[in-house]
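**Student:**
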Amino acid sequence: MSRTATPTRIGMSLQQFMVLLTAQLATILFGMTTTLANVLLPQMRGTLSATQDQIALVVTFNIVATAVATPITGWLSARLGWRRLMAISLLGFGASSVACGLAPSLAVLVVFRVLQGAFGAPILPMGQAILLASFPPRQHALVTMLWGIGGVFGPVLGPLLGGLMAEAYGWRGAFLMTAPLALLSVLGVLVTFDDRGRLDRTPLDWTGFMSLSVAIAAAQYMLDRGQRLDWFESFEIVLASGVALIAFHVFLVHSLSSRTPFLDLKLFLNRDFALGVTFALVFGMLVFTPMVLFPPLLQELRGFPESIIGTLIAARGIGNWISFFLVVPLTNYSPRLTLTIGLVASAVAGWGMASLDINLTLFDVVWTNMLQGFGIGIMYVPMSMIAFSSLQPRQLTEASAVFHLIRNFGSSVFISLSVTLYVRSTAWNYAGLAESVNPFADGVAASAAGAAWNMESADGLARIDGEVFRQAAMIGYLNAFNLYCFAALATLPLLLLVRRRR
94 MSRTATPTRI GMSLQQFMVL LTAQLATILF GMTTTLANVL LPQMRGTLSA TQDQIALVVT
154 FNIVATAVAT PITGWLSARL GWRRLMAISL LGFGASSVAC GLAPSLAVLV VFRVLQGAFG
214 APILPMGQAI LLASFPPRQH ALVTMLWGIG GVFGPVLGPL LGGLMAEAYG WRGAFLMTAP
274 LALLSVLGVL VTFDDRGRLD RTPLDWTGFM SLSVAIAAAQ YMLDRGQRLD WFESFEIVLA
334 SGVALIAFHV FLVHSLSSRT PFLDLKLFLN RDFALGVTFA LVFGMLVFTP MVLFPPLLQE
394 LRGFPESIIG TLIAARGIGN WISFFLVVPL TNYSPRLTLT IGLVASAVAG WGMASLDINL
454 TLFDVVWTNM LQGFGIGIMY VPMSMIAFSS LQPRQLTEAS AVFHLIRNFG SSVFISLSVT
514 LYVRSTAWNY AGLAESVNPF ADGVAASAAG AAWNMESADG LARIDGEVFR QAAMIGYLNA
574 FNLYCFAALA TLPLLLLVRR RR
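94 is the number of the first residue of the sequence shown in the working numbering; add one for each residue after it.
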């Protein structure tokens, strides 16, 4: 058989190709299922007779469980091996997803969402660590890019397919649709993965694990519920923040004094890893924020239907695809240049979003999201290369878990900041604009003359109030987009610390 008949012409064996395909399939499954619940919340709320706060727990507890279980990936892989851990994770993830679809009550649904998050936590860090260990360094940029396709398109496919399934079969059918993909992923793991890993019997550092778990859970809970409970005006949020700080302090002190810590903090003494993790934090801040802000903007302020909104936001996928053709040669030439392009593209996209007005067009949404998708798509590979290039193979699993934990934490923090800025800005500007509305103002007088805003009727007052809110809300969104632009620009000086390739 000639080389042209092999799975790929880039020096990849059939075994390596199948490992890559399996890891990518598992990543798509995780990404789809993670974002699936977001579009199902309205249906679940009605079916389960839940309040807005109660149904939000379906998302909150899943995020907390994923965050808490991610750091233990390194210890589990050392005890169980790669194949066994991935198979158990995927099987448990698929089974808990099916159980979510069959849940008879909200309480049962929340329990299975917690299990889903816990079982799913090792999937991304294990997939990345296995790929980096299975391929030579010269192919790391390529396989990271190919694996990253699943990471990018999984979260896009989740709401799209979930919405279609929910419309046809209800929200339960949307959860059940993940079962075949989970079984296929488990089969791929059992056939293609081996049992490499450190496979030692080091006991779990319970003090380190429990203190870090409590810190992560409390911090994630605070970030997710903060805006809803008015942040530090709520005793619940004050308590959560205090618990997070105390638990994290215990974790740091214990880890620095223990001979066998739960997480080896010496990883951060590696300059490249510390810098790569910093970029991962920024990447997490930038990757999902526009996807959170744009749908309510388009639906509430412009009245776009959900189908069109999903199509418009999917424009970022086009930008992702374009970046995939460029990221490997650019990263091989200069990771620093590639990251610069990604951050500048993200900043320009944020500036474009912050320059919109309430009469924005479809083209405005498409080009800004496409550019944002390009910037995000081109950042992941070089920051991964920076983080993992100088680590030993035995460190990859633990380092990958820390990498993804910090990336997810950055996403949670920045989304909370952006939503808080939007809500507070809207309230401040609503109060300011409302003070300017009176029968003698030129715009109001002209509109009243045309009977659009008749201040002497209840309908006219309602129209005026609605328009004031729309304008105030738009200013709130623009302020959040300005913050997005600033975050990308503020990271650029860190690129000076990236070593030049020899």
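Glycine included, every Cβ here is placed at the ideal spot set by N, Cα and C. Note that the coordinates shown come from a computational prediction; the quantities given were computed from them, not determined experimentally.
Could you say which of Ile411, Leu484 and Gly503 lies nearest to Asn462 if we only look at CA atoms?
**Tutor:** For this step, residue 462 is matched to residue 369 along the sequence shown. The residue with the shortest Cα to Cα distance from Asn462 is Ile411.
**Student:** Measure the alpha-carbon distance for Gln109 versus Pro475 and round it to whole angstroms.
**Tutor:** For the purposes of this step, residue 109 is taken as the residue at position 16 of the sequence shown. For the purposes of this step, residue 475 is taken as the residue at position 382 of the sequence shown. Cα-Cα distance, rounded: 22 angstroms.
**Student:** Going by C-alpha distance, which of Ser189, Arg231, Ala480 and Pro252 is nearest Phe361?
**Tutor:** The count along the sequence shown starts at 1 and reaches residue 361 at position 268. Nearest option by C-alpha distance: Ala480.
**Student:** Can you list, in chain order, the residues of its chain with a C-beta nearer than 6 angstroms to that of Thr153? Leave out the 5 residues immediately preceding and following it.
**Tutor:** Position 60 of the sequence shown, counted from the start, is the residue given in the question as residue 153. Hits under 6 angstroms: Asp317.
**Student:** With a 10 Å radius around its C-beta and 16 neighbouring C-beta atoms as the bar for buried, classify Ser170 as buried or exposed.
**Tutor:** In the sequence shown, the residue the question calls residue 170 occupies position 77. Result: buried.
**Student:** Between Gly470 and Val236, how many whole angstroms is the CB-CB distance? I'm expecting something under 8 angstroms.
**Tutor:** The residue given as residue 470 occupies position 377 in the sequence shown. The residue given as residue 236 occupies position 143 in the sequence shown. At roughly 16 angstroms, the Cβ-Cβ gap does not stay under 8 angstroms, so Gly470 and Val236 are not in contact.
**Student:** Within its chain, find whatever has a CB closer than 6 angstroms to the CB of Gly266; leave out the 5 residues flanking it on each side and keep chain order.
**Tutor:** Residue mapping note: residue 266 aligns to position 173 of the sequence shown, counting from 1. Counting only Cβ-Cβ distances below 6 angstroms, and skipping sequence neighbours, we find Met258.
**Student:** Do Gly301 and Ser348 have their C-beta atoms closer together than 8 angstroms?
**Tutor:** The count along the sequence shown starts at 1 and reaches residue 301 at position 208. The count along the sequence shown starts at 1 and reaches residue 348 at position 255. Their beta carbons are under 8 angstroms apart, which means Gly301 touches Ser348 by this criterion.
**Student:** Can you give the Cα-Cα distance for Gly220 and Val307, rounded to whole angstroms?
**Tutor:** As a first step, residue 220 is located in the sequence shown; it is residue number 127 there, counting from the start. As a first step, residue 307 is located in the sequence shown; it is residue number 214 there, counting from the start. Roughly 26 angstroms between the two C-alpha positions.
**Student:** Could you compute how far the alpha carbon of Asp357 sits from the alpha carbon of Phe341?
**Tutor:** Numbered from its first residue, the sequence shown carries residue 357 at position 264. Numbered from its first residue, the sequence shown carries residue 341 at position 248. Asp357 and Phe341: Cα-Cα distance of roughly 15 angstroms.
**Student:** Expressed to the nearest angstrom, what Euclidean distance is found between the alpha-carbon atoms of Trp324 and Leu374?
**Tutor:** Translated into positions along the sequence shown, residue 324 becomes position 231. Translated into positions along the sequence shown, residue 374 becomes position 281. Taking the straight line joining both Cα atoms gives about 23 angstroms.
**Student:** Got a sec, what are the start and stop residues for the alpha helix (DSSP H) Ile165 sits in?
**Tutor:** As a working note, residue 165 is residue 72 in the sequence shown. Counting along the chain, Ile165 falls outside any alpha helix (DSSP H), and DSSP gives it neither H nor E.
**Student:** Could you give the uninterrupted runs of the alpha helix (DSSP H) lying entirely in the stretch 420-508, keeping only those of 4 residues or more?
**Tutor:** 428-447 and 455-481, all fully within the stretch 420-508.
**Student:** Around the C-beta of Gly468, are 16 or more other C-beta atoms found within 10 angstroms, so that it is buried, or is it exposed?
**Tutor:** In the sequence shown, residue 468 corresponds to position 375, counting from 1. Gly468 comes out buried.
**Student:** First and last residue of the alpha helix (DSSP H) that includes Thr140?
**Tutor:** Against the sequence shown, residue 140 aligns to sequence position 47. Leu107 to Thr140 is the extent of the alpha helix (DSSP H) around Thr140.
**Student:** When DSSP labels each residue in this structure, what does Val249 get in the three-state scheme?
**Tutor:** For the purposes of this step, residue 249 is identified with residue 156 of the sequence shown, where counting begins at 1. Helix.
**Student:** Assuming contact is defined by CB atoms lying nearer than 8 angstroms, are Thr584 and Phe507 in contact in what I supplied?
**Tutor:** Working through the sequence shown from its first residue, we reach residue 584 at position 491. Working through the sequence shown from its first residue, we reach residue 507 at position 414. Going by C-beta atoms, Thr584 is not nearer than 8 angstroms to Phe507.
**Student:** Three or more C-beta pairs closer than 8 angstroms, one from the stretch 492-505 and one from the stretch 205-222: is that the case here?
**Tutor:** As far as the Cβ criterion goes, the stretch 492-505 touches the stretch 205-222, which means the pair count is three or higher.
**Student:** I need the DSSP call for Phe325, collapsed to helix, strand or coil.
**Tutor:** Here residue 325 refers to the residue found at position 232 when the sequence shown is read from its first residue. DSSP places Phe325 in helix when its eight states are reduced to three.
**Student:** For Gln593, does the three-state DSSP call read helix, strand or coil?
**Tutor:** Taking the sequence shown and counting its residues from 1, the one referred to as residue 593 is at position 500. Rather than Gln, the amino acid found at residue 593 in this sequence is Arg. Three-state DSSP puts Arg593 in coil, outside helix and strand.
**Student:** Whole angstroms are fine: how far does the CA of Gly167 sit from the CA of Leu178?
**Tutor:** Position 85 of the sequence shown, counting from 1, holds the residue named residue 178. Position 74 of the sequence shown, counting from 1, holds the residue named residue 167. Between Leu178 and Gly167, the C-alpha separation is close to 10 angstroms.
**Student:** Classify Trp240 as buried or exposed, calling it buried when 16 or more other Cβ atoms lie within 10 Å of its own Cβ.
**Tutor:** What you label residue 240 is simply residue 147 of the sequence shown in a count that begins at 1. It is buried - the Cβ of Trp240 has at least 16 other Cβ atoms within 10 Å.
**Student:** In terms of alpha-carbon separation, which member of Gln320, Tyr515 and His497 lies closest to Thr371?
**Tutor:** Counted from its first residue, the sequence shown places residue 371 at position 278. It is His497.
**Student:** In or out: Phe418 buried (at least 16 other Cβ within 10 Å) or exposed?
**Tutor:** Start at 1 with the first residue of the sequence shown, and residue 418 comes out as number 325. Result: exposed.
**Student:** Can you list, in chain order, the residues of its chain whose CB lies under 6 angstroms from that of Val132, leaving out five sequence neighbours each side?
**Tutor:** The residue labelled residue 132 in the question sits at position 39 within the sequence shown. The residues are Pro252, Gly255 and Gly256.
**Student:** Can you find the residues in the same chain that come closer than 7 angstroms, C-beta to C-beta, to Pro248, ignoring five residues on each side of it along the sequence?
**Tutor:** The residue given as residue 248 occupies position 155 in the sequence shown. Excluding residues within five positions, the ones whose Cβ falls inside 7 angstroms are Gly124, Thr127 and Thr128.
**Student:** Go to Phe366, then tell me how far its alpha helix (DSSP H) extends in each direction, as first and last residue.
**Tutor:** On the sequence shown, position 273 is the one that residue 366 refers to. Taken as a continuous stretch (DSSP letters only), the alpha helix (DSSP H) holding Phe366 covers Arg364 to Val380.
**Student:** Less than 8 angstroms between the C-beta atoms of Ala160 and Ile309, yes or no?
**Tutor:** As a position in the sequence shown, residue 160 is number 67, starting the count at 1. As a position in the sequence shown, residue 309 is number 216, starting the count at 1. In contact: Ala160 and Ile309 (Cβ atoms closer than 8 angstroms).
**Student:** Judging by CA-CA distance, which residue of Ile499, Ala116 and Ile415 is the nearest neighbour of Gln465?
**Tutor:** Counted from its first residue, the sequence shown places residue 465 at position 372. Cα-wise, what sits closest to Gln465 is Ile415.
**Student:** Can you tell which of Val561, Leu122, Ala200 and Leu436 has the C-alpha that lies nearest to the C-alpha of Leu269?
**Tutor:** The residue labelled residue 269 in the question sits at position 176 within the sequence shown. Looking at the Cα atoms, Leu122 is the closest of the given residues.
**Student:** Would Ala447 and Leu571 qualify as a contact pair, given that the criterion is a beta-carbon distance under 8 angstroms?
**Tutor:** Translated into the one-based positions of the sequence shown, residue 447 becomes position 354. Translated into the one-based positions of the sequence shown, residue 571 becomes position 478. Yes. Within cutoff.
**Student:** Give me the residue from Gln117, Thr519 and Gln392 with the minimum Cα distance to Ile242.
**Tutor:** Mapped onto the sequence shown, residue 242 falls at position 149. Ile242 has its Cα closest to that of Gln117, out of Gln117, Thr519 and Gln392.
**Student:** Got a sec, what are the start and stop residues for the alpha helix (DSSP H) Ala310 sits in?
**Tutor:** For the purposes of this step, residue 310 is taken as residue 217 along the sequence shown, with counting starting at 1. It spans Trp299 to Arg318 - the alpha helix (DSSP H) in which Ala310 sits, taken as one unbroken run.
**Student:** With H, G and I counted as helix, E and B as strand and the rest as coil, what does DSSP make of Leu585?
**Tutor:** Numbered from its first residue, the sequence shown carries residue 585 at position 492. Three-state result, Leu585: helix.
**Student:** In terms of residues, what are the limits of the alpha helix (DSSP H) holding Leu195?
**Tutor:** Numbered from 1 along the sequence shown, position 102 holds the residue referred to as residue 195. Residues Trp175 to Leu195.
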